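Asker: Residue 1 is where the sequence shown starts when you use the UniProt record's numbering, and the numbers rise one by one after that.
Even for Gly, the Cβ is constructed at its ideal location relative to N, Cα and C.
Owing to the predicted nature of the structure, the values given are computational and were not obtained by experimental measurement.
Pasting a structure here, questions to come.
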Amino acid sequence: MPATTGTSKSSFTKQPVDDEDLSVISKVRAELAACLEENAQLKASLSALEEELKDTQATLGRYVVTSNRQGQSIFSRPSSRSEQALKRVRSPSVEIVEAPESPRKKLHLQTIPMTPPKAIISVSESLKIKTSPSEMKPKIKAEIHDGFIPNSKVKAEIASDGLQFEANSASIYSSASSVTERGFSPTEDKPKSRIKIKIKDDAIALLDATARRYLQSASFLKITPSPMNLEVPRKFLRLAYGGCDQQFLQYIQFTENKKGTSGLVKKRIVFPQLNLNPVMPTRPGEPGLIFASRHEILSNPPWSLFCKLSNGSPAVWLYLGDYESVLCGKMTAAQFQSQTLVVQKKWAELILTGKSFDCYVSMRSRIALRKAGAIPLEDKDVEEDIINAEMAAFRANGGLPVTEEDVIAAFSQGEEAIDIIRMTCVKYDHVFANRMKADYANYDTMLADEKREKSAKEKGKGRAKSNPKRQSRKPKTPTRSQPDYPEAEDESQSDVPLPADSDEEYMAPTRGVAGPSASANERPRTRSRPSLAVANFFDLPTTDDEDD
1 MPATTGTSKS SFTKQPVDDE DLSVISKVRA ELAACLEENA QLKASLSALE EELKDTQATL
61 GRYVVTSNRQ GQSIFSRPSS RSEQALKRVR SPSVEIVEAP ESPRKKLHLQ TIPMTPPKAI
121 ISVSESLKIK TSPSEMKPKI KAEIHDGFIP NSKVKAEIAS DGLQFEANSA SIYSSASSVT
181 ERGFSPTEDK PKSRIKIKIK DDAIALLDAT ARRYLQSASF LKITPSPMNL EVPRKFLRLA
241 YGGCDQQFLQ YIQFTENKKG TSGLVKKRIV FPQLNLNPVM PTRPGEPGLI FASRHEILSN
301 PPWSLFCKLS NGSPAVWLYL GDYESVLCGK MTAAQFQSQT LVVQKKWAEL ILTGKSFDCY
361 VSMRSRIALR KAGAIPLEDK DVEEDIINAE MAAFRANGGL PVTEEDVIAA FSQGEEAIDI
421 IRMTCVKYDH VFANRMKADY ANYDTMLADE KREKSAKEKG KGRAKSNPKR QSRKPKTPTR
481 SQPDYPEAED ESQSDVPLPA DSDEEYMAPT RGVAGPSASA NERPRTRSRP SLAVANFFDL
541 PTTDDEDD
């Protein structure tokens, strides 16, 4: 035990400290003392800054109170109060860089808004007083372009460049026509937004993406000089140039000058309804889509397009330019199914009741024959004879029964389709537009002349019955003595061929409504009597009304 105790005490014996260690310790103590002294100085500087901050806050508070007391005064004068410069204590060991105050802050500190004495100013709440130069700057208005913005990522599925027609020479329609053609006018880079109009419930609706896909290859034509914004009633066009007030397609003739010394210029005009074709062109030079079964506008381009932009009374139409048309697609079964029931029933009604045009009759006949199981057949010649026989029977108030549900089912299953036609502006006839403007100034005179001629005709009816020579007189030119036309268009059921320029050839089934597709297995109407074998096959009654 004693040996163990002695060994333990010897382990805690202090070791001697040499001079080198003492020097290190003294240096550390000196640095510690310097740090403590610097810390004390920083504390003192911090206290001074806190006091200085309190003074600054108090000064700012006085300015806020003074400003609130002055109210919404627009007058100000420099303050006469002298302000002491604010200084901050700098530490000997820390470099503090003071940033100068912003000019706005200095200006705020040096000016005090004051209301001048004996000045009473009453400012209306609706009157805005501009006090800063920035408010005096004119506002910048964003320019909005109309038309469609083509989507380069979407590829057209059906449209092909081979279906498009080349623009005819302007000399065909006007010897001195001032036109803007596609080859000489640039297209607009940023078309304007389309005009928004209230669409009827029986109008076909297309998704924006679908419309952009069909219009991808159609460009907006920039017209120079600017097009005319004159909107005219169709009655004026009839009184000035002939034609009818209610038909979908028209032929008119006009002279290039007011005196009529130049030759007659022939124009083909189309009047689609915007509320039934919501994607049709709405501005001069703008492309668009229409839904049509009759394909007259696909041939003999261009056609002069008019658009009724409002539903006001009287109805007025705007000339948009001369357009080429191309069949770019068909409405798919899914697209027809997405239409409202009102739209579907409307098109079913057109198919069930239309007798004037082959596009309606052939479509109804195909639907009826499919329902009866008679078509399709491998022998297309026999199938064509069967369809012709059914068309003749339907025109004779016979034929197989077809219901509204049958027509809707045929469209919903893709057996029949509505054609989609793309219209592209190729030129703008300034001569025609200026001629309309000059003639429209005499519209009141035209109305008075028409009224006077009507009155004279009514008075002369009795005399004409007793005088056969008066009955044999030729009617006057249609420019001033056109008869009245009914409000709604009637379908002519006559099989007599009409002249090429007759307006009755293009009479629409209903006012402003384009019919369904005529391109799906359309068969031409024939005047020959159906064969006995075909008639016996369907047990159809034979008629003796047809010409042999």
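CB of SER26 to nearest heavy atom of the ligand PLP: below 7 Å?
Answerer: This structure lacks the ligand PLP; in fact it carries no ligand of any kind.
Asker: Using the DSSP secondary-structure output, state which residues sit across from LYS266 in a beta bridge.
Answerer: Counting from 1 along the sequence shown, the entry for residue 266 is found at position 266. Per DSSP, GLN253.
Asker: Taking Cβ positions, are SER325 and TRP303 nearer each other than 8 Å?
Answerer: Counted from its first residue, the sequence shown places residue 325 at position 325. Counted from its first residue, the sequence shown places residue 303 at position 303. Their beta carbons are under 8 Å apart, which means SER325 touches TRP303 by this criterion.
Asker: Let me confirm a value: THR56 is counted as buried when at least 16 other C-beta atoms fall within 10 Å, else exposed. Which label applies?
Answerer: Sequence index remark: in the sequence shown, residue 56 carries index 56 (1-based). Per the 10 Å Cβ criterion, exposed.
Asker: According to DSSP, simplified to helix, strand and coil, what is SER356?
Answerer: Residue mapping note: residue 356 aligns to position 356 of the sequence shown, counting from 1. The answer is coil: DSSP assigns SER356 none of H, G, I, E or B.
Asker: Any idea what DSSP makes of LYS459, helix, strand or coil?
Answerer: The residue given as residue 459 occupies position 459 in the sequence shown. Helix, per DSSP.
Asker: Go ahead and pull the three-state DSSP assignment for THR59.
Answerer: For the purposes of this step, residue 59 is identified with residue 59 of the sequence shown, where counting begins at 1. Reduced to three states, the DSSP call for THR59 is helix.
Asker: Pair every Cβ in the segment 286-305 with every Cβ in the segment 264-276, then say whether three or more of these pairs are closer than 8 Å.
Answerer: At 8 Å Cβ cutoff, the stretches touch.
Asker: Going by DSSP, which residues form a beta bridge with TRP303?
Answerer: In the sequence shown, counting from the first residue as 1, residue 303 sits at position 303. In DSSP, TRP303 forms a bridge with TYR323.
Asker: Go ahead and label LYS380 buried or exposed: buried means 16 or more other beta carbons lie within 10 angstroms of its beta carbon, across all protein chains shown.
Answerer: Taking the first residue of the sequence shown as 1, we reach residue 380 at position 380. By the neighbour-count rule (16 or more Cβ atoms within 10 Å), LYS380 is not buried but exposed.
Asker: Which of helix, strand or coil does DSSP assign to ARG480?
Answerer: Within the sequence shown, residue 480 is the residue found at index 480, counting from 1. Note on ARG480: pLDDT 42, under 50, position unreliable in the model; no value is reported.
Asker: Whose C-beta lies closer than 6 Å to the C-beta of GLN344 among residues of the same chain, with five residues either side of it excluded?
Answerer: Residue numbering aside, residue 344 sits at position 344 when the sequence shown is read from its first letter. ILE408.
Asker: Under 8 Å, do LYS371 and ASP322 count as touching if we go by C-beta distance?
Answerer: The residue labelled residue 371 in the question sits at position 371 within the sequence shown. The residue labelled residue 322 in the question sits at position 322 within the sequence shown. Result no, Cβ atoms of LYS371 and ASP322 do not sit closer than 8 Å.
Asker: What is the DSSP secondary structure of ASP429, counted as helix, strand or coil?
Answerer: Stepping through the sequence shown from its first residue, residue 429 is reached at position 429. ASP429 falls in the strand class under three-state DSSP.
Asker: GLY329 to LYS266, Cα distance in whole Å?
Answerer: Here residue 329 is taken as the residue at index 329 of the sequence shown, counted from 1. Here residue 266 is taken as the residue at index 266 of the sequence shown, counted from 1. Straight-line Cα distance between these residues: approximately 30 Å.
Asker: Out of GLU37, THR210 and ASP19, point me to the one whose CA is closest to ILE420's CA.
Answerer: Reading the sequence shown from its first residue, position 420 is the one you call residue 420. It is THR210.
Asker: Do the segment 348-363 and the segment 385-400 touch if we need at least three Cβ pairs shorter than 8 Å?
Answerer: The segment 348-363 is in contact with the segment 385-400.
Asker: Distance check for LEU36 and LEU42, CA to CA, integer angstroms please.
Answerer: For the purposes of this step, residue 42 is identified with residue 42 of the sequence shown, where counting begins at 1. For the purposes of this step, residue 36 is identified with residue 36 of the sequence shown, where counting begins at 1. Their backbone Cα atoms lie some 10 Å apart in a straight line.
Asker: Please classify ILE420: does DSSP put it in a helix, a strand, or coil?
Answerer: Along the sequence shown, read from residue 1 onward, the residue named residue 420 stands at position 420. Of the three classes helix, strand and coil, the one that applies to ILE420 here is strand, per DSSP.
Asker: Using 8 Å as the threshold, is the C-beta distance between GLU453 and LEU318 below it?
Answerer: In the sequence shown, the residue the question calls residue 453 occupies position 453. In the sequence shown, the residue the question calls residue 318 occupies position 318. No, these two residues do not count as a Cβ contact at 8 Å.
Asker: Among PHE236, ARG435 and ASP19, which residue has its Cα nearest to the Cα of THR255?
Answerer: Against the sequence shown, residue 255 aligns to sequence position 255. Minimum Cα distance to THR255 is reached at ARG435.
Asker: Do you know how far the Cα of ALA44 is from the Cα of GLU51?
Answerer: Within the sequence shown, numbered from 1, the residue matching residue 51 stands at position 51. Within the sequence shown, numbered from 1, the residue matching residue 44 stands at position 44. Whole-angstrom Cα-Cα distance: 11 Å.
Asker: Exposed or buried, which one is LEU46 when buried takes at least 16 other CB atoms within 10 Å?
Answerer: One-based indexing of the sequence shown puts residue 46 at position 46. Exposed, by the Cβ-count rule.
Asker: Start and end of the beta strand (DSSP E) containing LEU239?
Answerer: Here residue 239 is taken as the residue at index 239 of the sequence shown, counted from 1. Per DSSP, LEU239 belongs to no beta strand (DSSP E); it is in the alpha helix (DSSP H), 234-241.
Asker: Between which two residues does the alpha helix (DSSP H) containing PHE411 stretch?
Answerer: Within the sequence shown, residue 411 is the residue found at index 411, counting from 1. Segment 404-412, the alpha helix (DSSP H) holding PHE411.
Asker: In angstroms with no decimal places, state the Cα-to-Cα distance between TYR440 and PRO314.
Answerer: Along the sequence shown, read from residue 1 onward, the residue named residue 440 stands at position 440. Along the sequence shown, read from residue 1 onward, the residue named residue 314 stands at position 314. Their Cα atoms are separated by approximately 15 Å.
Asker: For ASP444, which option in TYR63, LEU221, LEU215 and LYS235 has the closest C-alpha, if you only look at C-alpha atoms?
Answerer: In the sequence shown, residue 444 corresponds to position 444, counting from 1. Ranking TYR63, LEU221, LEU215 and LYS235 by Cα distance to ASP444 puts LYS235 first.
Asker: Start and end of the alpha helix (DSSP H) containing ILE386?
Answerer: On the sequence shown, residue 386 is found 386 positions in, with the first residue counted as 1. Here the alpha helix (DSSP H) through ILE386 covers 380-395.
Asker: Grouping DSSP H, G and I as helix and E and B as strand, with all else coil, what is LEU230?
Answerer: Looking up residue 230 in the sequence shown gives position 230. Residue state, collapsed to three classes: coil.
Asker: Using only the alpha-carbon positions, how far apart do GLY263 and PRO376 sit?
Answerer: Numbered from 1 along the sequence shown, position 263 holds the residue referred to as residue 263. Numbered from 1 along the sequence shown, position 376 holds the residue referred to as residue 376. Straight-line Cα distance between these residues: approximately 53 Å.
Asker: In whole angstroms, what separates the C-alpha of LEU206 from that of SER356?
Answerer: As a first step, residue 206 must be located in the sequence shown, where it is residue number 206. As a first step, residue 356 must be located in the sequence shown, where it is residue number 356. Computed Cα separation, rounded: 28 Å.
Asker: If you draw a straight line from the alpha carbon of TYR428 to that of PRO227, how long is it in whole angstroms?
Answerer: In the sequence shown, residue 428 corresponds to position 428, counting from 1. In the sequence shown, residue 227 corresponds to position 227, counting from 1. The alpha-carbon atoms of TYR428 and PRO227 are separated by roughly 8 Å.
Asker: Which first and last residues belong to the beta strand (DSSP E) in which PHE291 is found?
Answerer: Here residue 291 refers to the residue found at position 291 of the sequence shown. Its beta strand (DSSP E) spans residues 288-291.
Asker: Around the Cβ of GLY61, are there at least 16 other Cβ atoms within 10 angstroms (buried) or fewer (exposed)?
Answerer: Working through the sequence shown from its first residue, we reach residue 61 at position 61. When all chains shown are included, GLY61 counts as exposed.
Asker: Taking the beta carbon of GLU416 as the centre, do at least 16 other beta carbons fall within 10 Å, making it buried, or is it exposed?
Answerer: By 1-based counting over the sequence shown, the position of residue 416 is 416. Buried, since its Cβ has 16 or more Cβ neighbours within 10 Å.
Asker: Whole-angstrom Cβ separation of GLY285 and PHE220, contact assumed at under 8 Å?
Answerer: Numbered from 1 along the sequence shown, position 285 holds the residue referred to as residue 285. Numbered from 1 along the sequence shown, position 220 holds the residue referred to as residue 220. Indeed, because the Cβ distance is near 6 Å, the residues count as touching under 8 Å.
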